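Numbering (the working numbering), first residue to last: 49 to 184.
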């Protein structure tokens, strides 16, 4: 009877350890993060990271015009070598903007981001925050 109890207990412990291991493997983790404050010009195309295997990723971006400018800060994201998976999003210059994208990254293909300006006004400065998480 004691042997059956110990065997059953061992099976339960192993099953729980396996479940915990699986749960930990699917928790998103940050692969890239950047905080750029007081920017006074566009950000050139910047490589955030290059995935070592195909996977699912989430990008969160926040930009905010901190000065008295009257211009839009736009964010671009490229994760497939320039074809045709670029995203360009216009951020309003009044209250800032938050964007979240989910994309499938390709092994060996750099994930890049950049900003550009539209609206014909002036820019004094803006803050730009980006975080990329691996989901799967």
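Built from N, CA and C at the ideal position, the CB exists for glycine as well. What you are looking at is a predicted structure, and each value in this text was computed from that prediction instead of being measured.
Taking residue 148 as the centre and dropping the five residues before and after it, the same chain places the C-beta of 108 closer than 6 Å to its C-beta, in chain order. The DSSP-derived three-state label of residue 114 is coil. The DSSP-derived three-state label of residue 108 is strand. If only uninterrupted beta strand (DSSP E) runs of at least 3 residues are considered, those enclosed by the stretch 84-108 are 94-97.
A Cβ-Cβ separation of about 7 Å places residue 171 in contact with residue 88 under the 8 Å criterion.
Restricting attention to 121, 105 and 114, the CA atom closest to the CA of residue 128 is found in 105.
Within 10 angstroms of the beta-carbon of residue 113 lie 16 or more other beta-carbons, which makes it buried.
For residue 128, the three-state secondary structure derived from DSSP is coil. Counting only the Cα atoms, residue 98 lies some 15 Å from residue 184. Apart from the 5 residues on each side of it in sequence, residue 95 sits with its Cβ closer than 6 Å to the Cβ of 158 and 160 in its chain, given in chain order. Residue 86 sits exposed, since fewer than 16 C-beta atoms from the chains shown fall within 10 Å of its C-beta.
Taken through DSSP and simplified to helix, strand or coil, residue 184 comes out as coil. Taking residue 154 as reference, the option from 146, 126, 173 and 178 with the minimal CA-CA separation is 126.
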